[in-house]
Structure formats: structure tokens, C-alpha cells
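For reference, the structure discussed in these notes is given below.
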Amino acid sequence: MKSNSLRSKIWKIWYLIIGSILFNIYKKIYYLKNPKKKPMEVTINLQKIKNNEVIYCIGDSHVGLFRKKIINEKNNIFKVFHIGPATAYNLIKKNNNTNSNEKILKIIKEQIPKKSKVILCFGEIDCRVHILKQAKLYNKDWKKIVNNCVKRYILFIKNLKRKNYKIIVFGIAPSSPDNIIKNPNYPAYGDQITRNKVTEYFNNLLEKRAKREGFEFISIFKKLIDGEYRTILYYLEDGVHLSSKTKPFVIKELKKKRLI
Numbered sequence: 004m005k006s007n008s009l010r011s012k013i014w015k016i017w018y019l020i021i022g023s024i025l026f027n028i029y030k031k032i033y034y035l036k037n038p039k040k041k042p043m044e045v046t047i048n049l050q051k052i053k054n055n056e057v058i059y060c061i062g063d064s065h066v067g068l069f070r071k072k073i074i075n076e077k078n079n080i081f082k083v084f085h086i087g088p089a090t091a092y093n094l095i096k097k098n099n100n101t102n103s104n105e106k107i108l109k110i111i112k113e114q115i116p117k118k119s120k121v122i123l124c125f126g127e128i129d130c131r132v133h134i135l136k137q138a139k140l141y142n143k144d145w146k147k148i149v150n151n152c153v154k155r156y157i158l159f160i161k162n163l164k165r166k167n168y169k170i171i172v173f174g175i176a177p178s179s180p181d182n183i184i185k186n187p188n189y190p191a192y193g194d195q196i197t198r199n200k201v202t203e204y205f206n207n208l209l210e211k212r213a214k215r216e217g218f219e220f221i222s223i224f225k226k227l228i229d230g231e232y233r234t235i236l237y238y239l240e241d242g243v244h245l246s247s248k249t250k251p252f253v254i255k256e257l258k259k260k261r262l263i
């Protein structure tokens, strides 16, 4: 059993490394052939950001974006807690399959001071894997599945807010493109365009509920897709996760809302 577990971990790591290399080769060739489709580099003035400020970020693997360094960034103001492949749907549920509820509450209690700003980064897994799958399985409109997922996510966020933290919800990133080598570590259900429409609806609903409940919401989703709801390859690091090129967008959104 231990041998099989070790072999499985090795395969996962291999796919992560090789998958990332192959994706970046594909991306480089794509923009060599289509130079006009390559977006302009985004820059940001970081001088006005308080160096002593800390924003705590909790999430699935996409929270890693806040750990990435960008040009002229002397001190990263974000402290990141990656709690594993947690879904937004299950955060409210105790003893779920990733123990996300207990992990977050433990981090909040032991490592984050009261009144701190806390960014939550969840929902991409729900949109990439589960929502369309559940809609087909139960023969339901996917919007109803999203409505229920957002409702449960909001319940969890409200519980955190009551503990005297300033909650900032980070909108879900667009989904992985269809025309790349699939990584078994990051499965996807349905086509990319539909998944991105699901994600847009999820983000819009989440933003509305955030305003109603009194916590902040930021999103860079619309900057990362084209007019046909395809994810722009340039902004992806490995075919799934956002690269450091997208972090200036996040900084701008936080500054726009006077959160930094």
C-alpha cells in the first residue's frame, strides 16, 4: 500500500513538472505564430503600499498567486495559507473530505490577529469539475447548482466575518483551455467556454451577495478571457493556475477599493 501511495505521489509530481514545461512550450509557440494576440505587460506602482501591512490569504492551489513576486515588489504583503483542494461548496461542512472547515478555523484562531484582512480564494474547483457534472447527474439547470454553491460559501464567509475579520473574497479565475495536454491532477468537466460562463455567473452572484452581506469582493476574471469566453493563455502558468503576470491586476483591484 505504501509503495502504491509513493508511486502515485511521484506520478503527480511528474505530471506537475512535465505538464508545466509542455504548456509553456505550447504557449511560446502559440504567441510566436500569433504575435498580435499577445497582451501587453501590466505594470503597477507599488510605492504607495504600506510595507508593514499584512493581508492573509487562505485558499486552494490558486491562492499561490499571492505568493508570487513581481517586478519592483520589495516586500510581499501577502501571507499565504494553502489548505489543499477544497471546494467552496464544502467549506461550511465539518469533517468534509479535505477537512477544509477545520483547517481554516485553526489558521484563523492560531495565526491571524483579530481585525486583519483575510482574502478567501475558493470556487475554481467547483466551476472546473463539479457544477456541470452535478447539473447533468441530477438533470438540473447549472445555474441552480451555482446558486446553492454560492449560498453555502456565503454561510461560511459570514461565520468568519462574525469572528471580527475583514473578509475579502477573491473572484474565481477562468478555466483551463481545452486544447492543452490534460493533467490528471486537475480534471475538468465540460468545455472551456461553458465552464467560463459558469465561472462568470458564479462571480457575479458572489459579488452581489458580498455587497449585501457587507464584505469585499475583487475579481480579475474579465481581464483574463477573450470575447468568446476563452481563457487567455498568456496569463496562465501551467494551463490551470494564474502566472505572476496577473498579480498587478489584483494589486490594482485592491488599491481601487482602498484595501491597500
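Under my numbering, think of the first position of the sequence shown as 4, with each following residue one higher.
Ideal placement from N, C-alpha and C gives every residue a C-beta, glycine not left out.
The structure displayed is predicted, hence computed values, not measured ones.
Leaving out the 5 sequence neighbours to the left and right, which residues in its chain are closer than 6 Å to residue i when beta-carbon positions are compared?
i, result
"LYS5", "Any answer about LYS5 is weak, because its pLDDT of 48 lies below 50 and its placement is not dependable; what the coordinates show is given next. Counting only Cβ-Cβ distances below 6 Å, and skipping sequence neighbours, we find nothing."
"GLU127", "HIS65, ILE175 and ALA176"
"ARG155", "TYR92 and ILE95"
"GLN195", "SER178, PRO180 and ASP181"
"VAL83", "CYS60, VAL66, PHE69 and ARG70"
"ILE86", "SER103 and LYS106"
"LEU158", "ILE95"
"ILE160", "ILE170"
Can you tell which of the options has the C-alpha that lies nearest to the C-alpha of residue i?
i, options, result
"LYS120", "GLY62, GLU56 and LEU135", "GLU56"
"THR202", "LYS117, ASN27 and ALA91", "ALA91"
"LYS226", "LEU239, ILE263 and ILE58", "LEU239"
"LYS282", "PHE220, LYS109 and LEU135", "What the structure shows of the chain is the stretch from 4 to 263, and residue 282 is not part of that stretch, so it cannot be assessed."
"LYS131", "TYR192, GLN114, ILE148 and LYS96", "Reading off the sequence, residue 131 comes out as Arg, not Lys. It is TYR192."
"LYS166", "LYS109, ILE196, PHE125 and LYS211", "LYS109"
"SER222", "LYS255, THR197, GLN195 and ASP229", "LYS255"
"GLU113", "TYR59, ASN100 and HIS133", "TYR59"
"SER246", "GLY67, LYS77 and PHE84", "GLY67"
"LYS248", "ASN37, PRO116, PRO42 and LYS77", "PRO42"
"ALA213", "LYS164, ASN79 and ASP229", "LYS164"
To the nearest angstrom, how far is it from the Cα of residue i to the Cα of residue j?
i, j, result
"LYS72", "GLU44", "15 Å"
"LEU208", "LYS260", "19 Å"
"GLY217", "TYR168", "12 Å"
"ALA138", "VAL253", "31 Å"
"PRO88", "LEU94", "11 Å"
"ILE102", "LEU140", "Looking at the sequence provided, one finds Asn at residue 102 rather than Ile. Rounded to whole angstroms, ASN102 to LEU140 spans 25 Å at the Cα level."
"TYR204", "ILE111", "29 Å"
"ASN104", "ASN142", "29 Å"
"ASN162", "LYS147", "23 Å"
"PHE81", "ASN27", "26 Å"
"ILE170", "PRO251", "20 Å"
"ILE122", "ASN199", "22 Å"
"LYS211", "ASN150", "12 Å"
"LEU135", "ASP63", "20 Å"
"THR197", "PHE224", "14 Å"
"TYR189", "ASP144", "24 Å"
"ILE263", "LYS97", "33 Å"
"PHE69", "ASN100", "25 Å"
"HIS244", "PHE173", "14 Å"
"ARG215", "PHE125", "19 Å"
"LEU35", "PRO116", "48 Å"
"ASN206", "TYR232", "14 Å"
"ASN37", "HIS133", "33 Å"
"LYS39", "GLY230", "15 Å"
Near residue i, which residues of its chain fall below 7 Å by C-beta distance, leaving aside the five closest residues on each side in sequence?
i, result
"ASP129", "THR90, ALA91, TYR92 and CYS152"
"LEU236", "LYS30, TYR33 and PRO180"
"ILE228", "PRO177, ASN199, THR234 and ILE235"
List the residues that DSSP assigns as beta-bridge partners of residue i.
i, result
"TYR59", "LYS82 and VAL121"
"ILE228", "THR234"
"LEU239", "LEU245"
Any heavy atom of the ligand GDP closer than 7 Å to the Cβ of residue i?
i, result
"LEU135", "This structure lacks the ligand GDP; in fact it carries no ligand of any kind."
At the 8 Å Cβ level, is residue i part of the contact set with chain B, yes or no?
i, result
"LYS200", "No chain B is part of this structure, which consists of one protein chain only."
Leaving aside the five residues before and after residue i along the sequence, list all residues of the same chain whose C-beta is less than 8 Å from its C-beta, in chain order.
i, result
"LYS118", "ASN167, TYR168 and LYS169"
Subject >> Completely contained alpha helix (DSSP H) runs for the segment 22–48, where each covers 4 or more residues >> reply: none
Original post:
What beta strand (DSSP E) runs, 3 residues minimum, are completely inside the segment 162–225?
Top reply: 169–173 and 219–221
Original post:
Can you list, in chain order, the stretches of the alpha helix (DSSP H) that have 4 or more residues and sit fully within the segment 86–160?
Top reply: 103–114 and 134–140
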